[in-house]
Every structure is written in C-alpha cells, then in structure tokens.
Amino acid sequence: YRENVLVNKPIVLKGNVSNVPMIDGMGGTGITVYASGATVKGFYVTNSSIGIDVEADNVNATKNTANNNKNLGIYIGNSKKCNVTGNMAESNVNDGIYLYWSNQCNVSGNTVCFNGNDGIYLISSPSMVFTSMVRAIIR
Numbered sequence: 737y738r739e740n741v742l743v744n745k746p747i748v749l750k751g752n753v754s755n756v757p758m759i760d761g762m763g764g765t766g767i768t769v770y771a772s773g774a775t776v777k778g779f780y781v782t783n784s785s786i787g788i789d790v791e792a793d794n795v796n797a798t799k800n801t802a803n804n805n806k807n808l809g810i811y812i813g814n815s816k817k818c819n820v821t822g823n824m825a826e827s828n829v830n831d832g833i834y835l836y837w838s839n840q841c842n843v844s845g846n847t848v849c850f851n852g853n854d855g856i857y858l859i860s861s862p863s864m865v866f867t868s869m870v871r872a873i874i875r
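Residue numbers (the working numbering): 737 to 875.
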C-alpha cells in the first residue's frame with residue numbers, strides 16, 4: 737500500500753500473518769500512532785522518513801519490519817510504558833530504533849542490524865528494559 741497511516745484511536749492495527757502487508761510511506765511517515773493504548777502488529781514499512789512513529793503512551797509495536805527508511809526505523813517519542821517487541825529494524829539510513837524522552841518502555845526481542853548510525857539510540861529515556869539482538873557493520 738502506498739500511503740501514510742495515522743492511528744488516532746486506541747485500535748489494534750493488525751496485518752495478516754501469512755501475507756504481511758507492506759506500507760510504502762513514499763518519503764513521509766509510514767505509520768504514525770497518536771492514540772494511547774493502540775497496537776501496531778505485523779506490518780512491513782519501507783521508503784518512509786520514519787517507518788513507525790509512536791507518540792503516545794501504552795502503545796504496542798510488535799512483529800513489524802522497518803526496512804530501508806530514509807531516517808529512522810521505529811521512533812518512540814515522549815511516550816510511557818510502550819512495548820516494542822519482536823520487530824526487525826534493518827537497513828534504515830540513520831537509526832533502527834530511536835527513543836526520545838520516553839520512560840518505562842520495554843524494548844525486547846527485536847533484531848536491529850545494518851542501520852546507518854545506531855541500532856538502538858536513547859535520549860533522556862530512563863527506566864527501560866532491553867533484551868534485543870543488535871548486529872553491527874564494523875567499519
């Protein structure tokens with residue numbers, strides 16, 4: 737799908753497991769979540785500035801792939817108690833997973849590799865739980 741998806745209600749946005757839907761963000765943000773309590777699960781997001789942009793509390797982003805985005809794979813900003821689990825963030829121009837002013841988030845079971853800058857990047861984000869696989873390119 738060539739579009740930019742906006743989640744502004746606490747819904748479960750779930751892709752088909754056997755035929756994962758692809759979101760081509762066309763240079764904009766692939767999926768933006770502004771609703772607390774929302775879930776984004778099972779999408780492949782590419783060709784976006786940010787693959788998945790979460791700016792709400794208690795959001796679940798799980799089993800997604802953020803690949804080949806022009807800036808960030810998955811962004812969690814100004815959020816609390818989010819779960820970022822079981823995702824793949826690879827080959828994004830800057831960072832795979834970026835947390836900014838977020839608190840008490842669970843970032844676990846993700847695979848982060850081949851991103852241009854950092855696999856997982858934190859700014860002022862205390863009380864985190866991390867258990868993700870990070871692979872890097874050694875230059």
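Built from N, CA and C at the ideal position, the CB exists for glycine as well.
Quiz item: Hey, out of E791, V756, G766 and G761, whose CA is closest to C841's CA?
Solution: Here residue 841 refers to the residue found at position 105 of the sequence shown. It is E791.
Quiz prompt | G813, DSSP secondary structure in three states | solution = Here residue 813 corresponds to residue number 77 of the sequence shown, with the count starting at 1. DSSP places G813 in strand when its eight states are reduced to three.
Self-check item: Residue burial classification, K799 (beta-carbon count within 10 angstroms, cutoff 16)
Solution: The residue given as residue 799 occupies position 63 in the sequence shown. Answer is buried; the Cβ neighbour count reaches 16.
Quiz item: Excluding sequence positions up to five away, which residues of its chain have a Cβ less than 7 Å from the Cβ of S863?
Solution: Position 127 of the sequence shown, counted from the start, is the residue given in the question as residue 863. In the same chain as S863, and ignoring 5 residues on each side of it, the C-beta atoms closer than 7 Å to its own belong to N839 and Q840, in chain order.
Quiz prompt | Neighbourhood of G764 by C-beta distance below 7 Å, restricted to the same chain and skipping five residues each side | solution = In the sequence shown, the residue the question calls residue 764 occupies position 28. Around G764: N740, S784 and S785.
Practice problem: Confirm, please, whether the CB-CB distance from A802 to V820 is below 8 Å. | Solution: As a position in the sequence shown, residue 820 is number 84, starting the count at 1. As a position in the sequence shown, residue 802 is number 66, starting the count at 1. Taking a C-beta distance under 8 Å as the contact criterion, V820 and A802 do not qualify as a contact pair.
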